[in-house]
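For what it's worth, the working numbering labels the leading residue of the sequence shown as 4, then goes sequentially.
Cβ atoms here follow ideal geometry from the backbone N, Cα and C, with glycine treated the same way.
Note that the coordinates shown come from a computational prediction; the quantities given were computed from them, not determined experimentally.
Structure first, then comments.
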Amino acid sequence: MHRRKMTYFPLAAAVATAAAATPLLGQQQKGTPPTSDDAAGFVAAQFPKTCIDCHSVQQGNRRPVIDEFGLASHHLSTDPLRIKDCVVCHDLSAHREGNVRLNNVDTGQVYMLTGDPMTNPAEAAKLEPFCLACHDGNGANGQPPFSDNNMPWEIDATLWVQSSHYAGGSAGPMTCFGDGETFGCHSSGHGSIKRQHLAPFDGGQPPVQGDPLREEEGMCYTCHDADGPSIYDQESSFGMNSHHNVSLIDQQADGSKVECLNCHNPHAANSANRIADPDSGGWTPWGGTKEAFCLTCHDGDPPANVAYPATANGTGYDKSSFVGATHDTEMGGGSSCIHCHSQHGSDQDSLLHSRYNTIDNMRYYVGDGKYAQCWQCHDENATTQSTNAFGSRHRLHMDDNVPCIMCHDTHAPRDVAESGLINFDFAVFSPNHDASYYNGYDGSNSFWFSGNSGNCYILCHGKSHTSKSYSRSPNPMVDCTPCH
């Protein structure tokens with residue numbers, strides 16, 4: 004790919020500036036480095052060794068940095084490293100004075116460091132405009148900054164300054180560069196043993212499941228844990244009985260894959276807009292309903308970097324048929340999913356807020372909490388004990404220790420026109436339930452409903468339901484309107 008020369012000042016000016024007086028500490032000066040194509044000649048003329056020769060070993064109190072370009076994540080994907088790549092970021096006009104001086108590739112501004120930005124938040128703050136000069140969507144004035152011709156990830160500066168991470172909350176303002184715990188998420192512009200240049204570049208985060216070098220949640224948990232500073236303790240949520248599988252251990256165990264960054268953009272999320280579009284890789288702020296957000300993955304066609312577990316509970320992870328089904332419409336749509344499910348983790352199965360028994364032959368008593376999730380909306384006594392809209396059928400089935408899920412799919416019925424959410428697939432295809440289709444019936448025709456009458460054609464616990472019929476009227480529920 005053809006690359007135009009970087010927009011810097013001429014070589015003669017660089018030499019003149021190098022002889023000038025040292026600027027005041029912390030003062031930002033206009034830099035005068037050579038163009039990237041002139042870099043090797045400039046370095047050869049001014050220094051006894053090349054950048055690579057000197058900075059492959061310790062220089063005074065400065066660590067060797069060349070090997071960092073070979074770490075797990077790094078700014079430059081080229082081998083060997085070229086001197087002209089060094090001067091994209093580094094101003095050499097006053098190199099012997101001992102301060103790191105960095106170029107703004109868009110404006111020519113130079114940012115001089117007088118301390119360590121990995122330990123000093125004031126020094127780290129100097130680097131933000133330097134970082135955003137390349138991460139602004141057009142690279143270095145419309146060109147790839149380095150000789151590998153890769154364009155940097157775009158960070159929307161407008162969204163960044165409006166984000167919760169930028170404000171920092173009780174932790175104080177955050178910036179691009181820092182220690183990974185208190186004032187910044189990235190360290191070392193050269194490379195890191197972690198993904199995405201995460202900090203600290205050469206050390207582990209607090210313990211997390213799996214391999215912390217491959218898990219960005221190790222970084223997230225430095226703030227989003229029990230001791231904060233974030234008020235949202237997501238580390239505990241992901242340690243609950245059921246959770247979205249963000250850890251490598253969970254993913255390797257069942258074949259699933261989802262990451263924090265699939266749902267959240269750390270450079271844009273704020274209290275008004277916490278989530279991002281998974282189809283965009285988690286970069287574009289989400290503009291739809293919460294229900295549509297969940298269905299971006301739970302529609303049977305998840306984004307390329309999201310995967311379902313190899314085996315599925317219930318009737319699977321494709322919940323696209325939920326839209327327009329009884330529970331969706333009764334709860335007002337739009338935010339229906341979160342009425343029943345937690346987003347990150349829950350001590351109940353399937354990320355539910357309350358208990359929902361799916362085990363066959365478990366004795367049920369009114370008030371014992373086995374179906375507490377159902378009773379958030381449905382009247383427990385009217386549904387299970389009284390002669391109600393289904394005559395005595397609900398009570399009969401509950402007395403026989405039949406769980407709700409044997410007959411009902413909470414998300415959608417097998418027949419989209421049926422309002423009672425009848426679907427026998429879970430009972431038939433789950434190895435833990437004694438039910439089967441027979442005599443030529445299957446999921447498409449094992450239940451018929453017409454007017455106020457229903458007919459079942461299924462074999463349950465060795466008992467033929469060919470056919471069992473009943474009459475019904477609208478299902479007794481609490482008044483939905485105060486909550487929905």
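Anticipated Cβ contact below 8 Å, residue i with residue j, distance rounded
i: His93; j: Leu74; result: With 8 Å as the limit, His93 and Leu74 do not qualify as a contact, their Cβ atoms being about 19 Å apart.
i: Ser191; j: Gly183; result: About 11 Å separates the two Cβ atoms, so there is no contact after all.
i: Ser59; j: Ile69; result: 4 Å
i: Thr53; j: Ile86; result: 6 Å
i: His270; j: Ile158; result: 5 Å
i: Met115; j: Asn102; result: 5 Å
i: His436; j: Ser324; result: Incorrect: roughly 21 Å between the Cβ atoms, too far for contact.
Between the CA atoms of residue j and residue i - distance to the nearest angstrom
i: Lys260; j: Leu79; result: 28 Å
i: Lys322; j: Gln376; result: 18 Å
i: Asn144; j: Asn152; result: 13 Å
i: Met177; j: Ser439; result: 58 Å
i: Lys471; j: Leu399; result: 13 Å
i: Val113; j: Ser339; result: 52 Å
i: Gln199; j: Gly370; result: 50 Å
i: Pro36; j: Leu355; result: Low confidence applies here, because Pro36 scores a pLDDT of 44, under 50, leaving its location unreliable; read the following figure in that light. Computed Cα separation, rounded: 59 Å.
i: Pro147; j: Asp119; result: 28 Å
i: Ile278; j: Asn268; result: 7 Å
i: Ala256; j: Tyr311; result: 12 Å
i: Pro132; j: Phe204; result: 21 Å
i: Ser166; j: Ala272; result: 5 Å
i: Ala49; j: Val164; result: Correcting the residue type first, residue 49 is Gln in the shown sequence and not Ala. Computed Cα separation, rounded: 40 Å.
i: Ile341; j: Asp280; result: 17 Å
i: Gly258; j: Pro155; result: 30 Å
i: Cys57; j: Thr110; result: 28 Å
i: His397; j: Ser433; result: 22 Å
i: Arg99; j: Ala136; result: 25 Å
i: Thr130; j: Asn141; result: Before going on, a small fix: residue 130 reads as Leu here, not Thr. Leu130 and Asn141: Cα-Cα distance of roughly 18 Å.
i: Cys463; j: Asn448; result: 16 Å
i: Asn244; j: Val90; result: 51 Å
i: Asp236; j: Asp228; result: 4 Å
i: Tyr368; j: Tyr441; result: 32 Å
i: Gly443; j: Lys293; result: 41 Å
i: Thr490; j: Ala315; result: Nothing about residue 490 can be read from this structure; the chain reaches only from 4 to 487.
i: Gly63; j: Glu126; result: 20 Å
i: Asp282; j: Pro288; result: 11 Å
i: Val46; j: Gln61; result: 19 Å
i: Glu262; j: Thr117; result: 37 Å
i: Ser274; j: Ala170; result: 11 Å
i: Glu383; j: Thr361; result: 17 Å
Cβ-Cβ distance between residue i and residue j below 8 Å
i: Gly285; j: Asn265; result: yes
i: Glu219; j: Leu251; result: no
i: Glu333; j: Gly194; result: no
i: Gly181; j: Ala160; result: no
i: Cys179; j: Cys134; result: yes
i: Asn404; j: Asn458; result: no
i: Cys226; j: Pro232; result: yes
i: Arg358; j: Gly337; result: no
i: Cys407; j: Tyr460; result: no
i: Tyr320; j: His344; result: no
i: Asp412; j: Phe429; result: yes
i: His247; j: His347; result: yes
i: Ser150; j: Asp230; result: no
i: Ile55; j: Leu95; result: no
Interface flag, residue i vs chain C, CB-CB below 8 Å
i: Trp378; result: Among the protein chains of the structure shown there is no chain C, as only one such chain exists.
Heavy atom of the ligand NAP within 7 Å of residue i beta-carbon
i: His414; result: In terms of ligand content, the structure shown is empty, and the ligand NAP therefore cannot be addressed.
Report the residue ranges of all alpha helix (DSSP H) runs contained in full by the stretch 282-307; include only those spanning at least 4 residues, in chain order.
Listed in chain order, they are 293-300.
Any 3 or more C-beta pairs closer than 8 Å across the stretch 409-419 and the stretch 317-329
With the cut-off at 8 Å, the stretch 409-419 and the stretch 317-329 touch.
Check whether the stretch 232-251 and the stretch 291-298 touch, using three or more Cβ-Cβ pairs below 8 Å as the test.
The answer is no - the stretch 291-298 does not touch the stretch 232-251, with fewer than three Cβ pairs under 8 Å.
Any chance the stretch 377-389 sits against the stretch 441-460, with 3 or more Cβ pairs inside 8 Å?
The stretch 377-389 vs the stretch 441-460: no contact.
Within 8 Å, do at least three Cβ pairs link the stretch 305-315 to the stretch 342-352?
Fewer than three Cβ pairs drawn from the stretch 342-352 and the stretch 305-315 lie within less than 8 Å of each other, which leaves the two stretches out of contact.
Residue ranges of each alpha helix (DSSP H) run of no fewer than 4 residues wholly in the stretch 312-399, ordered along the chain?
List check, alpha helix (DSSP H) in window: 329-333, 340-343 and 383-387.
Which ranges does the alpha helix (DSSP H) cover as unbroken runs of at least 4 residues, wholly within the stretch 82-143, from first to last along the chain?
Runs of the alpha helix (DSSP H) inside the stretch 82-143: 86-92, 124-129 and 131-137.
Runs of alpha helix (DSSP H) wholly within the stretch 418-454 (minimum 4 residues, chain order):
Complete alpha helix (DSSP H) runs here, min 4: 428-432.
Uninterrupted beta strand (DSSP E) stretches inside the stretch 221-248 (no shorter than 3 residues)
Qualifying beta strand (DSSP E) stretches: none in this window.
List in chain order: all unbroken beta strand (DSSP E) runs of 3+ residues lying wholly within the stretch 152-203.
Whole beta strand (DSSP E) segments, 3+ residues: 178-180 and 187-189.
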